[in-house]
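The structure under discussion appears below in the form of structure tokens.
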Amino acid sequence: MFQSYETRSEPQKGPARLKALRAQMVAENLQGFIVPRADVHQGEYVAARDARLGWLSGFQGSAGFCVALENSAGVFIDGRYTVQVKSQVDLAHFTPVAWPKNQAGDWLNEHAPSGAVIGFDPWLHTVADVEKTDARLAKTGRSLRPCQNLVDAIWEDQPEVPRVPAFVHPVEFAGESHAEKRARMAQALRDAGEDHAVITLPDSICWLLNIRGHDVAHNPVVQSLLILHADGRADLFIDPAKTAGISDHLGADITCHPQGDFPQALTQLTGTVRVDPVTAPFAVSSVLQAAGCEISRNPDPCILPKAIKNDTELAGMRAAHLRDGAAMAEFLCWLHEEAPKGGLSEVAVAQKLEGFRRATNALFDISFETISATGPHAPICHYRVTEDTNLPIEQGQLFLIDSGGQYKDGTTDITRTIAVGEVGLDEKQCFTRVLQGMIALSRARWPRGLSGRDLDPIARYPIWLAGHDFDHGTGHGVGAFLSVHEGPARISRVSDIPLEPGMILSNEPGYYREGAFGIRIENLVAVQTAGDLPGADARDMLDFETLAFTPIDRNLIVTEMLSGDEKAWLDAYHAKTYELLADVVTEATQNWLRKACAPL
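Each residue of the sequence shown is one higher than the last, beginning at 224 in the working numbering.
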């Protein structure tokens, strides 16, 4: 089934829903209520039932929250959504707030009345978030109070809970049985002196048990909750309708329970329980504390092992990228031929690209909603085209396409910016600086132990030299037939997780000029042990293996701005792209590819 592009919901509904929420606040004797874009599982992506922030405010981004007070409502968004939020919320009733620059507690201290009590659903906020906000409020006499979900109380046509059956992710793709994974994780619990671990992230549970599902759009995860015990056994809390195809696979050491039994099961635990304060709902710690358990505040035990792909997963990701690269080449050849004729639109182009991926006969789903953005839409980093916003692809503009595929052997995510006709020198210079940043990070070599925070400036430096910057991270982790955005490692100013061989990240610097054009170039890369260099110190060094091979638009490159090393890297990249793809694409695309991959 192709991705659909719906008409944007009527913005006038936001004020009416906000009014209804405020009536609920009065009934609960609250002066405010926090509405996050989160569910009980605390993953980045939510099912339609849990899209409370979008339902209330109209904001459709993948991160953020709303703080509703009696006379104001702040919608907190990060730099990716500064432009997008203005077009999606009713600015007469919702005020965009730059976050994390402005924290919820500080904003409440400024806007909420003295002594205000702010309600929150304890299943939708993490321990870390609640403690951080509460600490800021405590200084001024304001406070947080856990309560029922007030949005659910007024959302009359709230969608049903997903109940599509889960399925097995076989060892031929996973590279390790779930019994082996559970044994490793259980050993980690014993080493830490812990008796149990509560795991709430769907992708962690799916990775641990080698299962996948259909509960969240474009991410093959199963919404469930899990308690892992130090002897390797596990209790899985999942809708019974989802278990028919996985029961034999799970085996005797994993006991399935209805998800509604989870809170009661927490009260039966004894000893020391690992709870991740960054990913587990606040309610989990509250229940465990009331039950007398000792809480060990440690990371989800699956987070880091999941991020470090094994040899089987790495081989699968390479195969998926080769398949996806061929589909991208067919698409770009088609776009090269059709765009000059006119008549194309953002929606039509996105659907055509999905068609090329589906023609591989291996696509499970696209890995996220395709960002198909021309001209003034391209500066909206996570722009979501709808039938209402659909623009024609016109000559003289930059066109940005950020897309990916979910294949059973891997997940892809790639961005290319294309010149439609002839564009100005300014656009070309900006593109070339972004390219220089992407090349610099691709060529990076660093001592083991450094984190994404240490590498982030490498990609930004050529852009900084022109007085520019971009307001998103340079790279995010990517799962293996799992979430296209995966923790814990990132390439960003705030990431202190050391990079390790096997981690897969995006390399995607950009530049965005509001109302004019946007540029992003993205490949996925895998961290690997660096090869020896003649005369180098005997240090343990790492570098990147590039996974994605798709031509970069040579029409946008100001060649004289590139150094000799940068030209050599790009020529080598294009030569390998042609070598890998020429024999697996159509003759017409092979001819186009030969020109697109020619040396500078």
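Glycine is no exception: its CB is placed at the ideal position from the N, C-alpha and C atoms.
Do the CB positions of L614 and G628 come within less than 8 Å of each other?
Pairing L614 with G628 gives a Cβ-Cβ distance that is not under 8 Å.
Under 8 Å, do A549 and V298 count as touching if we go by C-beta distance?
no
Less than 8 Å between C-beta atoms, sequence neighbours within five positions excluded: which residues of the same chain meet that for T230?
Any reading at T230 must be qualified, since the residue scores a pLDDT of 45, below 50, and its modelled position is unreliable; no value is offered.
Curious, which full-length alpha helix (DSSP H) runs of at least 4 residues does the region 251-283 contain?
275-280
Quick one: what's W792 bridged to in DSSP?
Note: W792 sits in no beta bridge, so no partner.
Where F396 and A703 are concerned, what is the direct C-alpha to C-alpha distance, given to the nearest angstrom?
9 Å
Straight-line Cα distance separating K575 from M224
At M224, the pLDDT of 49 sits below 50, so the modelled position is not reliable; the number obtained from the coordinates is stated separately. M224 and K575 have their C-alpha atoms roughly 13 Å apart.
Kindly confirm or deny that the region 580-588 and the region 709-720 touch, where touching means at least three C-beta pairs closer than 8 Å.
no
May I have a chain-ordered list of the alpha helix (DSSP H) segments no shorter than 4 residues that lie completely inside the region 791-821?
810-819
Whole runs of the beta strand (DSSP E) within the region 671-757, excluding any shorter than 3 residues
Fully enclosed beta strand (DSSP E) runs of 3 or longer: 698-700, 709-714, 727-730, 733-736, 740-743, 746-752.
Residues of its chain near E789, where Cβ-Cβ distance is below 7 Å and the 5 sequence neighbours each way are ignored
Excluding sequence neighbours, E789 sits near Q659, I662.
Rounded to the nearest angstrom, how far is the Cβ of P259 from that of L347, given a contact under 8 Å?
Contact between P259 and L347 holds: their C-beta atoms lie close to 5 Å from each other, under 8 Å.
So within the region 503-547, which uninterrupted beta strand (DSSP E) runs reach at least 3 residues, ignoring any that extend past its ends?
517-520
Inter-stretch contact (C-beta, 8 Å, three-pair minimum) for the region 673-684 and the region 630-650:
The region 673-684, when compared against the region 630-650, does not touch it at the 8 Å Cβ threshold.
Could you work out which residue in E592, I714, M408, G281 is closest to G698 when comparing CA atoms only?
Closest option to G698, Cα to Cα, is I714.
Could you give the residue range of the alpha helix (DSSP H) that holds L314?
Note, L314: premise wrong, no alpha helix (DSSP H); not H, not E.
Y630, DSSP secondary structure in three states:
Here DSSP, grouped into helix, strand and coil, assigns Y630 to strand.
For the structure I just gave you, are there three or more beta carbon pairs, one from the region 735-751 and one from the region 620-637, closer than 8 Å?
yes
Would you say the beta carbon of N252 comes nearer than 7 Å to a heavy atom of the ligand MN?
This structure lacks the ligand MN, and indeed carries no ligand of any kind.
Nearest-angstrom Cβ-Cβ length linking N433 and H401, presumed shorter than 8 Å:
4 Å
Residues sharing a beta bridge with P319, DSSP:
V298
Considering only the alpha carbon of each residue, which of D692, E783, I637, A811 lies closest to A771?
In this structure, I637 is the residue among D692, E783, I637, A811 with its C-alpha nearest to the C-alpha of A771.
Nearest to G416 by alpha carbon, out of A315, A406, H472, V496?
V496
Quick check on the DSSP output: the beta strand (DSSP E) that includes F587 runs from which residue to which?
586-589
Helix, strand or coil, according to DSSP, for V353 in the structure here?
Three-state result, V353: helix.
So for T490, helix, strand or coil by DSSP?
Reduced to three states, the DSSP call for T490 is helix.
Among residues of its own chain, excluding the 5 on either side of S568, which ones have a beta-carbon nearer than 6 Å to its beta-carbon?
Once the five neighbours on either side are set aside, the close Cβ partners of S568 are N613, P615.
Smallest Cα separation from V750: which of G738, A712, N778?
Per the C-alpha coordinates, the member of G738, A712, N778 positioned closest to V750 is A712.
Tell me where the alpha helix (DSSP H) around M408 begins and ends.
DSSP places M408 inside the alpha helix (DSSP H), whose first and last residues are 401-414.
Tell me the rounded alpha-carbon separation between S295 and A335.
9 Å
Can the beta-carbon of A406 be found less than 8 Å from the beta-carbon of G455?
yes
Report the three-state DSSP secondary structure of L823 (helix, strand or coil).
coil
Simplified DSSP state of M224, which is helix, strand or coil:
With a pLDDT of 49 at M224, under the threshold of 50, the modelled position of that residue is not reliable, and no figure is offered here.
Can you check which of these residues, H797, G255, L785, G696, is closest to C604 by C-alpha distance?
G696
Near P369, which residues of its chain fall below 8 Å by C-beta distance, leaving aside the five closest residues on each side in sequence?
G342, F343, D344, P345, F505, A506, S509
Less than 8 Å between the C-beta atoms of P385 and Q446, yes or no?
yes
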